[in-house]
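Undergrad: I'd like to ask you about the structure that follows.
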Amino acid sequence: MSQWSQVQQLEIKFLEQVDQFYDDNFPMEIRHLLAQWIESQDWEAASNNEAMATILLQNLLIQVDEQLDRVSQEKNLLLIHNLKRIRKLLQGKYHGNPMHIAVIISNCLREERRILAAASMPVQGPLEKSLQNSVVSERQRNVEHKVSAIKNSAQMTDQDVKYLEDLQEEFDFRFKTIQSLEQNDKNSALIKQEMLTLQAMLNTLDYKRKEVLSKIGRVIHEIDVLMNNMLTEELLDWKRRQQIACIGGPLHGGLDQLQNCFTLLAESLFQVRRQLEKLDELLTRLTYDGDPIPVQRPQLLEKVNFLLYNLFRNSFVVERQPCMPTHPQRPMVLKTLIQFTVKLRLLIKLPELNYQIRVKATIDNVCPSNRRFVLCGTHVKAMNMDESANGSLSVEFRHLQPKEMKSSAGSKGNEGPHMVTEELHSISFETQVCLYGLTMNLETSSLPVVMISNVSQLPNAWASIIWYNLSTNDPQNLSFFNNPPTATLSQLLEVLSWQFSSYVGRGLNSEQLNMLAEKLTGQQISYNDYQLSWAKFCKEHLPGKSFTFWVWLEAILDLIKKHILPLWIDGYIMGFVSKEKERILLKDKTPGTFLLRFSESNLGGITFTWVDQLENGDVRFHSVEPYNKGRLTALPFADILRDYKVIMADNVPENPLKYLYPDIPKDKAFGKHYSCQPNEVSKPSEGGVKGYVPSVFIPVSKILIDSTDPHSPSDLLPMSPSVYAVLREHLSPTVIETAVRCRLSHS
């Protein structure tokens with residue numbers, strides 16, 4: 017079943033979540049019509065490879081054209097209209113930046129997998145629940161409402177300033193008219209009446225000036241309160257959501273809404289600034305004793321400039337954290353001399369700033385160690401509105417490389433296999449904004465990154481990134497691992513499930529998480545409030561083992577990704593179950609029932625255990641020697657399950673695997689993943705080298721009924737598979753058994 021088919025079967029509350037991230041950037045119609053094709057492409061790799069993204073975009077448009085031809089024949093007018101519109105939209109939006117659509121589609125597919133994983137969980141995890149707090153959603157709506165109200169207030173004040181300007185012009189005209197009269201005319205009763213009128217007008221002017229200044233002051237105060245409270249909280253929440261998304265959590269959104277709020281506030285502040293400039297202009301033409309403008313205007317202008325600086329400073333954000341194109345799901349782990357990408361955005365979108373802001377990238381070298389790095393490649397670029405599909409003011413660095421500097425002694429610092437994966441650095445960015453007479457120096461930094469020199473260090477480096485972003489919302493605590501805090505086990509388990517949902521397409525259920533909790537703590541506990549140390553997670557070896565918990569789990573992730581991904585996504589691999597628990601599950605099942613679990617003693621190993629029954633009714637369990645990536649490279653795991661044979665006392669090889677736990681017929685579960693059907697194997701006279709019997713490697717184990725050794729057979733022998741029937745046509749069972757015994761004696 018395709019991922020999209022699974023999504024369509026979700027409950028309405030989950031479908032509403034899916035609906036939120038499909039829009040004109042990637043219309044749901046295309047996701048629906050091209051579901052299988054979209055899921056068969058590597059959008060993650062294309063998101064950091066422009067050539068690959070260009071080809072995928074071209075192929076996507078070709079697929080849309082093919083759909084257009086199909087619906088045209090069906091004369092579906094509405095669908096024809098929508099597909100033409102969508103094709104034009106996709107072509108126009110992404111022609112100049114094909115990697116952006118790869119990022120969008122990759123994120124959508126990942127978010128679908130996360131929602132599918134969440135739907136299979138009995139309850140929502142504590143971290144995800146906190147990110148979807150209804151109080152937060154209510155605050156978002158309040159911020160948007162208040163920003164809109166402030167914008168309206170600033171526009172209304174514009175009308176008041178215009179009225180004040182018109183009133184002063186009338187006063188100036190009347191006053192100059194009286195001044196131009198002869199002295200005798202000034203003593204007339206009419207002129208005296210006009211002077212009284214001017215005095216009344218001056219009083220009105222004074223009142224209006226005070227009123228305008230008061231209104232401007234209120235607008236400034238409202239902006240100040242909004243910026244220091246709700247808007248700051250919104251920005252911090254977005255940064256926290258970004259942290260969680262970086263370690264596999266829910267796709268973070270809301271940046272476009274924040275950009276709208278920041279932009280409207282900036283426009284309102286610049287509007288107020290122009291109003292204050294207009295008041296200054298009116299002041300130069302008319303002032304008087306008790307004039308409020310020279311007293312209040314400087315203070316208000318200073319406050320506006322201060323708010324503008326803070327608004328711009330907070331609006332300079334890292335939209336996409338540093339990430340190597342070769343490892344798109346391991347952001348913030350950077351390898352020396354390997355390119356990485358990072359994207360910044362200014363949330364204040366003003367046309368005047370397009371191509372006017374140049375951003376410089378550097379590495380902060382404030383780490384306690386002596387290691388120092390520099391950035392190679394293009395590290396100064398201009399922000400623009402053309403590269404982003406949504407027209408945001410942003411800049412993406414695509415060709416940066418970290419390089420370790422030589423130490424003062426002339427040798428390279430710690431570059432090599434022993435580079436410390438707990439050392440944190442950050443990428444800093446600085447720029448200068450000059451606008452309407454204001455000059456503002458802005459700075460921001462990435463989340464902490466870990467520098468490695470060898471990909472073998474990547475698993476532990478990624479563990480450091482997980483622990484940091486799980487444990488703190490401080491964006492710049494580079495000394496964090498000097499004394500790393502504990503983490504709540506329930507939150508850690510949620511993040512571990514995200515590693516599976518984001519990296520291999522299916523998260524972990526509560527039973528699987530319980531097994532991991534027991535693995536981490538060594539006991540069965542209620543883990544809601546249990547605090548786990550960093551050492552227990554990543555530094556201390558598991559009891560009786562030569563590796564840590566994290567190394568064990570990372571090896572399983574790698575095994576799934578490279579060798580058994582379709583079986584994992586289908587949910588047929590129980591995976592995380594102890595030997596004791598598997599016996600409890602299997603003991604009352606039909607003989608031949610088996611389950612698949614990950615090895616606890618072998619790194620990156622998967623095994624299967626089946627149950628059978630002796631004539632006296634006793635139950636026996638058999639666990640095959642774990643398969644690792646080396647053996648699975650030679651033979652697909654689904655084929656192993658299909659072709660696996662054991663030789664019992666009667667020397668007749670047979671497949672003991674009948675039902676996948678709890679009672680799913682084996683071929684029903686794995687049939688679609690077989691590389692070929694047994695009856696499709698060529699007979700001796702068909703194909704192959706003349707004079708030889710075509711062969712395929714299959715696993716065979718021998719179980720000795722009277723053996724006192726534990727029953728844990730190994731897959732020992734490659735032999736002709738389903739052509740075993742063909743061999744029986746030419747050889748007797750005795751001859752075959754003799755060959756098997758001979759092979760066993762030499763192994």
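According to the numbering used here, the stretch in the sequence shown is residues 17 to 763, in order. Each residue gets a CB set at the ideal place from its N, CA and C atoms; glycine is no exception.
1. Express the C-alpha separation of Asp628 and Asp634 in angstroms, rounding to a whole number.
2. Could you pull out every residue in the same chain whose Cβ sits closer than 8 Å to the Cβ of Phe42, ignoring the five residues on either side in sequence?
3. Straight-line CA distance for Ile576 to Asn330?
4. For the 8 Å Cβ check, are there 3 or more pairs between the region 240-258 and the region 298-308?
5. With a CB to CB cut of under 8 Å and the five nearest residues on each side skipped, what residues in its chain are close to Asp176?
6. For Thr213, does the count of other Cβ atoms within 10 angstroms reach 16, so buried, or fall short, so exposed?
7. Quick check for students: name the residue ranges of the beta strand (DSSP E) that lie wholly in the region 408-489, counting only runs of 3 or more.
8. Jot down the residue ranges of each uninterrupted beta strand (DSSP E) in the region 641-678, minimum 3 residues, whole runs only, in chain order.
9. Just mark Val241 as buried or exposed, buried being the case when its beta carbon has 16 or more other beta carbons within 10 Å.
10. Identify the residues that DSSP records as bridge partners of Thr504: which are they?
11. Please confirm if the region 348-362 is in contact with the region 321-337, defined as three or more CB-CB distances below 8 Å between the two stretches.
12. Which residues in the same chain have their Cβ closer than 6 Å to the Cβ of Gln765, if we skip the five residues on either side of it in sequence?
13. Apart from the five residues on each side of it in sequence, which residues of its chain come closer than 8 Å, Cβ to Cβ, to Glu250?
14. Spell out whether any CB of chain B is found under 9 Å from the CB atom of Val333.
15. Cα separation between Trp166 and Asp307?
16. Measuring CA to CA, which of Val662, Leu280 and Lys100 is closest to Leu823?
17. Give the list of continuous beta strand (DSSP E) stretches no shorter than 3 residues that lie fully inside the region 325-365.
18. Drop a sphere of 10 angstroms on the beta-carbon of Ala170, count the other beta-carbons inside from all chains shown, and report buried for 16 or more, exposed for fewer.
19. Using the Cβ count rule (16 or more neighbours within 10 Å means buried), how would you classify Pro114?
20. At the level of alpha carbons, what is the spacing between Leu619 and Leu573?
21. Do you know how far the Cα of Glu32 is from the Cα of Leu106?
22. Beta carbon of Gly621, beta carbon of Arg522: below 9 Å?
23. Using DSSP's beta-bridge definition, name the partner residues of Asn400.
24. Start and end of the beta strand (DSSP E) containing Leu612?
25. Measure the C-alpha to C-alpha separation of Glu513 and Val466 and round it to an integer number of angstroms.
26. Would you call the region 286-299 and the region 342-355 touching, i.e. three or more CB-CB distances under 8 Å?
27. Spatial neighbours of Glu431 within its chain, please: C-beta separation below 7 Å, excluding the five flanking residues on both sides.
28. My output table needs one value for Pro681: the three-state DSSP class, helix, strand or coil.
29. Determine the contact status of Cys392 and Pro418, defining contact as a CB-CB distance below 9 Å.
30. Alpha carbon to alpha carbon, how far is Asp85 from Ala741? Give it in angstroms, no decimals.
31. Out of Ser284, Ser196 and Met217, which one is the CA nearest neighbour of Glu238?
32. Measuring CB to CB, does Glu128 end up less than 9 Å from Val34?
33. Going by DSSP, name the residue or residues bridged to Trp626.
34. Where do the N-terminal and C-terminal ends of the alpha helix (DSSP H) with Leu95 fall, by residue?
35. Would you kindly work out how many angstroms separate the C-alpha atoms of Ala133 and Ser517, rounded to a whole number?
36. By a C-beta neighbour count over all protein chains shown, 10 Å radius and 16 as the cutoff for buried, is Glu60 buried or exposed?
TA: The short version:
1. For the purposes of this step, residue 634 is identified with residue 618 of the sequence shown, where counting begins at 1. For the purposes of this step, residue 628 is identified with residue 612 of the sequence shown, where counting begins at 1. So the alpha carbons of these two residues sit roughly 9 Å apart.
2. Position 26 of the sequence shown, counted from the start, is the residue given in the question as residue 42. So the list reads Ile117, Ile120, Ile121 and Cys124, once near-sequence residues are dropped.
3. Residue numbering aside, residue 576 sits at position 560 when the sequence shown is read from its first letter. Residue numbering aside, residue 330 sits at position 314 when the sequence shown is read from its first letter. So the two alpha carbons sit approximately 41 Å from each other.
4. no
5. Translated into the one-based positions of the sequence shown, residue 176 becomes position 160. Counting only Cβ-Cβ distances below 8 Å, and skipping sequence neighbours, we find Lys224, Glu227, Val228 and Lys231.
6. Here residue 213 refers to the residue found at position 197 of the sequence shown. Classification of Thr213: exposed, given that the 10 Å Cβ count is below 16.
7. 409-420, 442-451, 454-461 and 466-468
8. 661-663
9. Along the sequence shown, read from residue 1 onward, the residue named residue 241 stands at position 225. Its Cβ having fewer than 16 others within 10 Å, Val241 is exposed.
10. Along the sequence shown, read from residue 1 onward, the residue named residue 504 stands at position 488. Gln547.
11. yes
12. The chain is shown from 17 up to 763; residue 765 falls before or after that span and cannot be answered.
13. Here residue 250 corresponds to residue number 234 of the sequence shown, with the count starting at 1. Same-chain partners within the cutoff: Arg155, Gln156, Val159, Gly270, Leu274 and Cys277.
14. No chain B appears in the structure shown, which is made up of a single protein chain.
15. Start at 1 with the first residue of the sequence shown, and residue 166 comes out as number 150. Start at 1 with the first residue of the sequence shown, and residue 307 comes out as number 291. In the sequence on display, residue 166 carries Ile and not Trp. Each residue's alpha carbon lies about 27 Å from the other.
16. Any property of residue 823 remains undetermined from this structure, which presents the chain solely from 17 to 763.
17. 332-339, 349-351 and 356-362
18. Against the sequence shown, residue 170 aligns to sequence position 154. Buried, because 16 or more other Cβ atoms sit within 10 Å of the Cβ of Ala170.
19. Position 98 of the sequence shown, counted from the first residue, corresponds to residue 114. Pro114 comes out buried.
20. Working through the sequence shown from its first residue, we reach residue 619 at position 603. Working through the sequence shown from its first residue, we reach residue 573 at position 557. The straight-line gap from Cα to Cα measures roughly 11 Å.
21. Working through the sequence shown from its first residue, we reach residue 106 at position 90. Working through the sequence shown from its first residue, we reach residue 32 at position 16. Approximately 24 Å, taken between the alpha carbons.
22. Taking the sequence shown and counting its residues from 1, one reaches residue 621 at position 605. Taking the sequence shown and counting its residues from 1, one reaches residue 522 at position 506. Against a cut-off of 9 Å, the Cβ pair of Arg522 and Gly621 comes out as no contact.
23. If you number the sequence shown from 1, residue 400 lands on position 384. Looking at the DSSP assignment, Asn400 forms a beta bridge with Ser410.
24. The sequence position of residue 612 within the sequence shown is 596, counting from 1. Note, Leu612: beta strand (DSSP E), Thr609 to Phe614.
25. Along the sequence shown, one-based indexing puts residue 513 at 497. Along the sequence shown, one-based indexing puts residue 466 at 450. Per the sequence presented here, residue 513 reads as Ser, with Glu not at that position. About 23 Å.
26. no
27. Start at 1 with the first residue of the sequence shown, and residue 431 comes out as number 415. The predicted position of Glu431 is uncertain, since its pLDDT is 45 and thus under 50; a value taken from the coordinates is nonetheless stated next. Contacts found: Thr352, Glu420 and Ser469.
28. Start at 1 with the first residue of the sequence shown, and residue 681 comes out as number 665. The answer is strand: DSSP assigns Pro681 an E or B state.
29. Residue mapping note: residue 392 aligns to position 376 of the sequence shown, counting from 1. Residue mapping note: residue 418 aligns to position 402 of the sequence shown, counting from 1. Yes.
30. Position 725 of the sequence shown holds residue 741. Position 69 of the sequence shown holds residue 85. Legend: pLDDT at Ala741 = 49, less than 50; position of this residue unreliable, no value from coordinates given.
31. Position 222 of the sequence shown, counted from the start, is the residue given in the question as residue 238. Of Ser284, Ser196 and Met217, the residue nearest in Cα terms is Ser284.
32. In the sequence shown, the residue the question calls residue 128 occupies position 112. In the sequence shown, the residue the question calls residue 34 occupies position 18. Yes. Within cutoff.
33. Stepping through the sequence shown from its first residue, residue 626 is reached at position 610. Paired residues: Phe610 and His638.
34. By 1-based counting over the sequence shown, the position of residue 95 is 79. Where Leu95 is concerned, the enclosing alpha helix (DSSP H) stretches over Leu93 to Tyr110.
35. Here residue 133 refers to the residue found at position 117 of the sequence shown. Here residue 517 refers to the residue found at position 501 of the sequence shown. Each residue's alpha carbon lies about 6 Å from the other.
36. The residue you call residue 60 lines up with position 44 of the sequence shown. With 16 or more Cβ atoms within 10 Å of its Cβ, Glu60 is classed as buried.
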